[in-house]
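These notes concern the structure reproduced below.
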Amino acid sequence: MSNTDRLSNAAEDAKGKIKETFGKATDDEQLEAEGKTDQAKAGLKDKVEDVKDKVAEKYNDLTDRHKDDA
Numbered sequence: 001m002s003n004t005d006r007l008s009n010a011a012e013d014a015k016g017k018i019k020e021t022f023g024k025a026t027d028d029e030q031l032e033a034e035g036k037t038d039q040a041k042a043g044l045k046d047k048v049e050d051v052k053d054k055v056a057e058k059y060n061d062l063t064d065r066h067k068d069d070a
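Numbering (the UniProt record's numbering), first residue to last: 1 to 70.
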């Protein structure tokens, strides 16, 4: 897991929330939609990071087992 990626995703989510809020406050539907899109992308990127973590964990488990068998 990359903490840098997680922080970047959190920043993108925060930026999206700000855009959405500002868009609502100013009746700017496009800015509001951009904010929601930014938040969705950040959420999706977090899910990808979760999958990468699980794959790395399984890989480490498998390679550790093979070391014990040797």
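Cβ coordinates follow ideal geometry from the N, Cα and C atoms, glycine included.
Checklist entry - Between the C-alpha atoms of residue 59 and residue 51, what's the straight-line distance to the nearest angstrom? => result Taking the straight line joining both Cα atoms gives about 12 Å.
Next on the checklist: Using 8 Å for Cβ pairs, my map puts residue 20 next to residue 32. What's the rounded Cβ distance?
Outcome noted: 5 Å
Checklist entry - If residue 45 and residue 9 are in contact, beta carbons under 8 Å, what's the gap, nearest whole angstrom? => result 5 Å
Item to check | Top-ranked residue by Cα proximity to residue 15, from 41, 61, 26 and 47 | outcome: 41
Checklist entry - Is there a Cβ from chain B that is less than 7 Å from the Cβ of residue 47? => result The structure shown contains no chain B, having only a single protein chain.
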